[in-house]
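Here's the structure, in structure tokens; my notes come after.
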Amino acid sequence: MTRPTAEWKLEDAKAHFSELVRRARSEGPQLVTKRGKDAVIVIAVEELERLTTPAPPKLPFMAFMESLHVPGLDLDIPRERDTGREVEL
């Protein structure tokens, strides 16, 4: 979400609520303060939906790499079957 484009005192927000809503829809988030402290932010429904819609699931790394279609890229790398080294405990 972008930083609020305007700041309203609670009294002004009440008195000019239609204007507050219009500006939230056309200009972006509107900050309402109460006794000089940030209280709420008024945002358009579209902005709320954008913020609350889950992101599409991300591809696993190998699927992502394969989706790049890089010529000559071979992702079938044989895994080394090394058992490691012996450790005395």
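Under our numbering, the first residue of the sequence shown carries the number 1, and numbering increases by one thereafter.
Heads up, the beta-carbon is just placed ideally off N, CA and C, and yes, glycines get one too.
Can you tell me which of the three DSSP states residue i falls into?
i     : result
Thr5  : coil
Val21 : helix
Leu31 : strand
Lys14 : helix
Val70 : coil
Val45 : helix
In whole angstroms, give me the CA-to-CA distance for residue i and residue j.
i     : j     : result
Lys14 : Trp8  : 9 Å
His16 : Gly28 : 16 Å
Arg81 : Val87 : 18 Å
Leu20 : Glu49 : 19 Å
Gly72 : Ala39 : 57 Å
Val32 : Glu47 : 17 Å
Phe61 : Arg25 : 39 Å
Thr83 : Ile77 : 18 Å
The alpha helix (DSSP H) spanning residue i covers which residue range?
i     : result
Glu63 : A small correction: the amino acid at residue 63 is Ala; Glu does not occupy that position in the sequence shown. Looking at the DSSP string, the run of the alpha helix (DSSP H) that includes Ala63 is Phe61 to Ser67.
Any chance the CB of residue i is under 7 Å from a heavy atom of the ligand GDP?
i     : result
Gln30 : Of ligands this structure carries none, so the ligand GDP is not represented either.
If the criterion is Cβ atoms closer than 8 Å, does the pair residue i and residue j meet it?
i     : j     : result
Lys37 : Leu10 : no
Does the region 62-78 touch the region 29-46, meaning 3 or more C-beta pairs lie closer than 8 Å?
-> no
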